[in-house]
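Counting in the numbering used here, the sequence shown runs from 660 upward without gaps.
Ideal Cβ placement from N, Cα and C applies to all residues, glycine included.
This one's a predicted model, so the numbers in the text were calculated from it and none came from an experiment.
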Amino acid sequence: MIRDVDITKLIIEKFAEEFLKNIELDVAIVGAGPSGLVAAKYLAEKGKKVVIFERKLSPGGGMWGGGIGYPYIVVKQGHEVLEEAGIKCIEKQGYWIANSIEAVAKLVATAIDAGAKIFNGMTVEDVMVRDGRVCGIVANWSAILQANLHVDPISIEASFVIDATGHDCNVAKIVEKKYGLGTPGGKIEGEKAMWADEGERKTVENTGEIFPGLYVTGMAANAVYGSPRMGPIFGGMLLSGKKVAEIILEKVR
Ligand code: 48H
């Protein structure tokens with residue numbers, strides 16, 4: 660016989676067990692778009708304790724819809740990251756094309772299989788700062804924030820925090836407002852107009868630490884440094900996610 664309360668108990672117990680195992684992290688990644696998922700995979704593969712906090716229910720960020728809702732993405736650089744995740748790529752005229760739904764599904768699967776956790780439906784609304792260094796994130800249920808309820812959030816410690824929140828660079832914005840950034844201008848420059856070639860190159864170049872303990876990857880990196888957007892070409896996102904993982908791994912070796 661199925662008892663309704665058994666189901667309740669199993670879900671609550673399992674979530675509490677998993678969550679409590681993950682309140683002291685090596686790396687907290689904010690945002691489960693392509694750059695956050697790739698970073699999570701490479702960090703978890705090396706044994707780091709990594710959690711992605713994603714405000715929506717579904718991970719994948721802006722990758723699901725490909726270009727104008729046609730479910731295909733193009734990459735010029737970084738197709739090997741897709742292939743390593745088992746994503747089929749077709750080469751054409753010096754570009755690689757992949758199905759965006761397959762790409763998201765397999766990036767999520769490989770990050771999880773590598774040992775990363777994804778806590779979905781959670782919005783990061785603040786950071787923890789001690790001695791001038793970001794040392795954790797502060798999160799709340801997205802549903803609570805959407806309902807505009809006055810409910811206080813909870814804190815999770817992390818040795819490194821990655822802002823992978825895409826165009827909005829939400830974590831960088833919080834730190835900029837409260838402390839200023841550690842970038843040359845000390846502030847968010849804002850994303851510039853579409854230019855695929857420059858945008859792709861800059862995404863990787865801009866990836867790195869923007870305040871002690873806080874790293875930026877993906878579209879957020881271009882928003883912080885005032886570099887162009889690039890439309891539905893995703894190689895920069897993949898290589899940026901890989902680069903931020905490598906930078907952090909180098910620091911904790
Ligand atoms: C928890 C949050 C919060 C928060 C946001 O937008 P994304 O896909 O980000 P990237 O940088 O990995 O990829 C960018 C790419 O998808 C894209 O938009 C491109 C290439 N655009 C080019 C162009 O010209 O337009 O994912 C970011 C994720 C999303 O899932 C958000 O829901 C999530 O971050 N997020 N999660 N707490 N405060 N803010």
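- What first and last residue would you give for the alpha helix (DSSP H) that runs through K837? Within the sequence shown, the letter at position 178 stands for residue 837. Segment N829 to Y838, the alpha helix (DSSP H) holding K837.
- Identify every residue that forms a DSSP beta bridge with M781. Along the sequence shown, one-based indexing puts residue 781 at 122. Note: M781 sits in a beta bridge opposite W800.
- What do you reckon, are the CB atoms on V786 and V793 nearer than 8 Å? Counting from 1 along the sequence shown, the entry for residue 786 is found at position 127. Counting from 1 along the sequence shown, the entry for residue 793 is found at position 134. Contact flag set, yes.
- Proximity test, H826 beta-carbon vs ligand 1 heavy atom, cut-off 7 Å: If you number the sequence shown from 1, residue 826 lands on position 167. Yes, the beta carbon of H826 sits closer than 7 Å to at least one heavy atom of ligand 1.
- Query: Closer than 7 Å: is that where the CB of R860 sits relative to any heavy atom of ligand 1?
  - Reply: As a first step, residue 860 must be located in the sequence shown, where it is residue number 201. Every heavy atom of ligand 1 is 7 Å or more from the Cβ of R860, so no.
- Own chain residues within Cβ distance below 6 Å of L702, not counting five before or after: As a first step, residue 702 must be located in the sequence shown, where it is residue number 43. Cβ within range, chain order: V686, V709 and A904.
- For A687, which residues does DSSP report across the bridge? Locating residue 687 in the sequence shown gives position 28, where the first residue counts as 1. Paired residue(s): V710 and V820.
- Item | Closer than 7 Å: K902 CB and nearest ligand 1 heavy atom | Taking the sequence shown and counting its residues from 1, one reaches residue 902 at position 243. No, since every heavy atom of ligand 1 falls outside the 7 Å radius drawn around the Cβ of K902.
- Contacting residues, own chain, Cβ-Cβ under 6 Å from L804 (five flanking each side not counted): Position 145 of the sequence shown holds residue 804. Once the five neighbours on either side are set aside, the close Cβ partners of L804 are T782.
- Item | Under 8 Å between C-beta atoms of A823 and G695 | Counted from its first residue, the sequence shown places residue 823 at position 164. Counted from its first residue, the sequence shown places residue 695 at position 36. In this structure, G695 lies closer than 8 Å to A823 by Cβ.
- Query: Considering only C-alpha positions, which residue in the set A698, I869 and R860 is nearest to Q736?
  - Reply: Locating residue 736 in the sequence shown gives position 77, where the first residue counts as 1. When each option's Cα is compared against that of Q736, the closest is R860.
- Message: Would I688 and I821 be called neighbours here (beta carbons separated by less than 8 Å)?
- Response: Stepping through the sequence shown from its first residue, residue 688 is reached at position 29. Stepping through the sequence shown from its first residue, residue 821 is reached at position 162. Yes, these two residues count as a Cβ contact at 8 Å.
- Query: Under 7 Å from any heavy atom of ligand 1, does the C-beta of K715 make it?
  - Reply: To locate residue 715, count along the sequence shown from 1; it is residue 56. Flag set: Cβ of K715 near ligand 1.
- Limits of the alpha helix (DSSP H) - the one that E1000 falls within: Because the chain here runs from 660 to 912, residue 1000 falls outside it and cannot be looked at.
- Message: Quick check on E683: buried or exposed, where buried means 16 or more other Cβ atoms within 10 Å of its Cβ?
- Response: For the purposes of this step, residue 683 is taken as the residue at position 24 of the sequence shown. Answer is exposed; the Cβ neighbour count stays below 16.
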